[in-house]
Amino acid sequence: MDEIEKIISRYDEEYVGKSLRSLDDINRFTGTFVRDVAEIYDCITRIRNVDRNPTGFSLEDAPILGLLTRIWKLLKEIVNYYEQDNAEIISILERPLIEAAVTAEYLLMSDSDVIEDYRKCSYKDRLRILRELKEGSRFFETKAGKRLLKSVQEKMDLEGFSEDDFKEQKKNRWKLQGKTFFDIFKEITDEDLYKYTYGMMSESIHGSWNESMDWCLQKNEDSTFTVYPFYHEADARYICPTLKFCNESYRLWLERIDCLDENMINVLDWIERVNNRIFMIFDQKYDGPNG
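The number in the numbering used here is simply the position in the sequence shown, starting from 1, with 156 added.
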């Protein structure tokens with residue numbers, strides 16, 4: 157696509173080299189680079205082989221496309237907060253991004269039965285809504301309740317599901333193939349990465365004590381705590397590792413829809429190379445917050 161070529165054409169060796177000379181240069185360059193990567197991912201989700209998909213994507217493809225779209229939308233928001241120097245909000249947004257990327261890759265490596273199971277697992281709370289309707293909940297007499305009920309029924313009708321079609325999902329406690337996210341994660345990538353990424357990121361979602369100490373409190377000399385009212389600064393460490401989880405799912409998607417040509421292989425390889433280069437040079441130059 158012309159949009160992708162236009163983005164990459166800006167990154168000649170002279171520009172990249174100059175952008176990686178100092179920590180300040182690297183951090184500025186990282187924001188620009190990741191924003192452009194998000195645009196490339198955006199473009200990829202709009203690529204379509206008209207012979208395979210003349211109008212759009214079926215229910216076997218659409219769940220994956222939805223996750224890939226979620227990835228670049230979250231990535232664009234992460235870059236916004238990166239440029240605002242706000243590492244705290246980045247840590248909140250990266251967890252759902254990694255979950256979307258890992259789940260998309262898992263689905264891309266699976267068959268149609270697994271994709272249907274993924275779709276069905278999303279109806280857990282929606283089936284509860286239908287059950288509460290039958291039990292006479294007065295919420296469904298309100299406008300909000302009627303709108304919600306209509307939305308649930310329309311989705312069920314679209315997929316041809318009835319309330320009796322979810323026995324397997326109930327048996328598996330509404331987990332994809334009966335697996336925890338950790339089970340899926342370690343099938344896709346190095347399981348040791350889990351605790352350093354997704355695992356620790358859960359603290360930002362659940363509001364753990366360690367998360368409060370890291371972001372929201374400052375320790376006084378007498379071992380008491382007071383509020384830390386500022387946001388912590390962001391640097392390349394908060395954003396480059398996240399891309400490691402994203403690239404492969406877009407590669408597999410292009411292969412799935414018969415659009416993975418040599419040009420797109422080169423684009424995705426380029427993203428990986430530049431991202432690795434940024435992180436390695438940053439790691440060499442970084443010597444702690446006071447270094």
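The C-beta atom is built at its ideal place from N, Cα and C for all residues, glycine as well.
Just to confirm my understanding: we take residue i, look at its own chain, exclude 5 residues before and 5 after, and list those with CB closer than 8 Å. What are they?
i	result
Cys199	Met157, Glu159 and Ile160
Ile427	Val193, Ile196, Leu399 and Asn403
Leu416	Arg407 and Leu410
Val383	Cys372, Leu373 and Gln374
Asn209	Asp217 and Ile413
Would you identify the three-state DSSP class for residue i, choosing helix, strand or coil?
i	result
Phe438	helix
Thr298	coil
Leu215	coil
Leu373	strand
Val383	strand
Asn366	helix
Phe199	Here the sequence assigns Cys to residue 199, which means Phe is not the residue at that position. Three-state DSSP puts Cys199 in a helix.
Tyr238	helix
Gly104	Lying before the first or after the last residue shown, residue 104 is absent from the chain, which here runs from 157 to 447.
Phe322	coil
Leu304	helix
For residue i, count the other beta carbons within 10 Å of its own beta carbon; 16 or more makes it buried, fewer makes it exposed. Which is it?
i	result
Ile246	buried
Leu223	buried
Leu263	buried
Asn431	buried
Met448	With the chain represented from 157 up to 447, any question about residue 448 goes unanswered, as that position is not in the structure.
Ile421	exposed
Phe295	exposed
Asp207	exposed
Asn183	buried
Glu297	exposed
CB-CB under 7 Å to residue i, same chain, minus the five flanking residues each way: which ones, in chain order?
i	result
Gln333	Val270 and Asp273
> Should the region 214 to 230 be regarded as contacting the region 404 to 418, the criterion being three or more beta carbon pairs within less than 8 Å?
Replying inline: Yes, the region 214 to 230 is in contact with the region 404 to 418.
> Are there three or more Cβ pairs, one per stretch, closer than 8 Å when the region 232 to 252 is compared with the region 374 to 394?
Replying inline: Taking a cut-off of 8 Å for Cβ pairs, the region 232 to 252 and the region 374 to 394 touch, as three or more such pairs fall below it.
> Taking three-plus beta-carbon pairs below 8 Å as touching, is the region 300 to 316 in contact with the region 279 to 286?
Replying inline: yes
> For the region 395 to 430, which segments carrying the alpha helix (DSSP H) assignment without a break, of at least 4 residues, lie completely within its bounds, in sequence order?
Replying inline: You should have 396 to 399 and 403 to 412.
> For the region 252 to 263 against the region 333 to 348, are there 3 or more C-beta pairs whose distance is under 8 Å?
Replying inline: yes
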